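To keep things clear, I will list the structure first and then write my remarks on it.
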């Protein structure tokens, strides 16, 4: 267990504690700093402080970082579609149906289990023992491109890019209903649905802990009763595209949680899971500074649905 001591300057006045620790320490992300504060491992002037404490000049902040926990996630020899890999990052085309990291009900068969077998101990430890290397996530039934970090420096760099909106995540989706306009932007905050703990919802009341969320969308094709879309995330909230599309009256095809799955076309064709695919990923390489673009082909079932929709008259 190691304790770090930081002393705030007048330049730091008013900054949130977790933000200050992440920027001053350099080895911790904001989420990691917030987690340590919640666990009582951060003090300000000798007293435990909350993550949202506002720094004052002269504050002495002590952060106790526990020793790394031994991994309780076992490597599993699961085949992965590796789009790109080097000593810093690995880009995976995750199949729909695969959970990203272990959790209650999904202890095995996850992307993390597969990455541990493929990359060994080279994954970044910032995400903790259950999420090594994981920088961002995809829902279980959403397939497509994800990047994982193979060292802590790469992890911090990619996390900063996500926060600064320098990572482009472009999805293809099929939504219910026909869009009248060709493109648009949905700017609506998202938080946990107070009536359904497994759902997220558009919530404008900031006291309900909702967070700003912005999705840009563009029509690719229109069919009777459905629209094929390209969606780009400006933020990355849980279920963001699914919640935003349902919020404007166009839930995704097959999305039972948010209002899809109820049309004759969906019932007759036994569609399982939301029709959403992370097709393109653009990022700046954490070591070389090179802008890199990765694309993936639509999975067979998604492409088949598009062909069927094109034949509807």
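Numbering (this note's numbering), first residue to last: 1312 to 1624. Glycine residues also receive a C-beta, built at the ideal position from the N, C-alpha and C atoms. Remember, it's a predicted structure, so these values are computed and weren't measured experimentally.
What span of residues does the alpha helix (DSSP H) with residue i cover, start to end?
{"i": "residue 1468", "result": "1463-1474"}
{"i": "residue 1497", "result": "No alpha helix (DSSP H) contains residue 1497, which is instead part of the beta strand (DSSP E) from 1494-1498."}
{"i": "residue 1343", "result": "1341-1349"}
Compare the Cα-Cα distances from residue i to each of the options and report the closest residue.
{"i": "residue 1620", "options": "1401, 1427, 1437, 1574", "result": "1574"}
{"i": "residue 1280", "options": "1403, 1401, 1324, 1362", "result": "The structure shown has nothing for residue 1280, since the chain only spans 1312 to 1624."}
{"i": "residue 1546", "options": "1370, 1461, 1395, 1471", "result": "1471"}
{"i": "residue 1589", "options": "1345, 1534, 1453", "result": "1453"}
{"i": "residue 1525", "options": "1532, 1497, 1549", "result": "1497"}
{"i": "residue 1572", "options": "1360, 1492, 1617, 1487", "result": "1487"}
{"i": "residue 1529", "options": "1536, 1523, 1542", "result": "1542"}
{"i": "residue 1448", "options": "1580, 1473, 1428, 1427", "result": "1473"}
{"i": "residue 1475", "options": "1594, 1444, 1617", "result": "1594"}
{"i": "residue 1536", "options": "1414, 1441, 1610, 1489", "result": "1489"}
Quick check: the Cα distance between residue i and residue j, rounded to an integer number of angstroms?
{"i": "residue 1451", "j": "residue 1554", "result": "16 Å"}
{"i": "residue 1519", "j": "residue 1502", "result": "7 Å"}
{"i": "residue 1587", "j": "residue 1344", "result": "33 Å"}
{"i": "residue 1412", "j": "residue 1349", "result": "22 Å"}
{"i": "residue 1466", "j": "residue 1484", "result": "28 Å"}
{"i": "residue 1320", "j": "residue 1387", "result": "48 Å"}
{"i": "residue 1557", "j": "residue 1407", "result": "20 Å"}
{"i": "residue 1414", "j": "residue 1440", "result": "12 Å"}
{"i": "residue 1644", "j": "residue 1511", "result": "This structure cannot settle anything about residue 1644, because the visible part of the chain is limited to 1312 through 1624."}
{"i": "residue 1561", "j": "residue 1540", "result": "11 Å"}
{"i": "residue 1455", "j": "residue 1596", "result": "19 Å"}
{"i": "residue 1600", "j": "residue 1481", "result": "21 Å"}
{"i": "residue 1346", "j": "residue 1578", "result": "44 Å"}
Return helix, strand or coil for residue i, following the three-state DSSP convention.
{"i": "residue 1478", "result": "coil"}
{"i": "residue 1362", "result": "coil"}
{"i": "residue 1389", "result": "coil"}
{"i": "residue 1588", "result": "strand"}
{"i": "residue 1605", "result": "strand"}
{"i": "residue 1322", "result": "helix"}
{"i": "residue 1621", "result": "helix"}
{"i": "residue 1373", "result": "strand"}
{"i": "residue 1615", "result": "helix"}
{"i": "residue 1485", "result": "strand"}
What are the boundary residues of the beta strand (DSSP E) that includes residue i?
{"i": "residue 1459", "result": "1454-1460"}
message: At 3 residues or longer, what runs of the beta strand (DSSP E) sit wholly inside the segment 1397-1436?
response: 1400-1405
query: Which residue spans inside the segment 1528-1573 form an unbroken beta strand (DSSP E) run of at least 3?
result: 1537-1544
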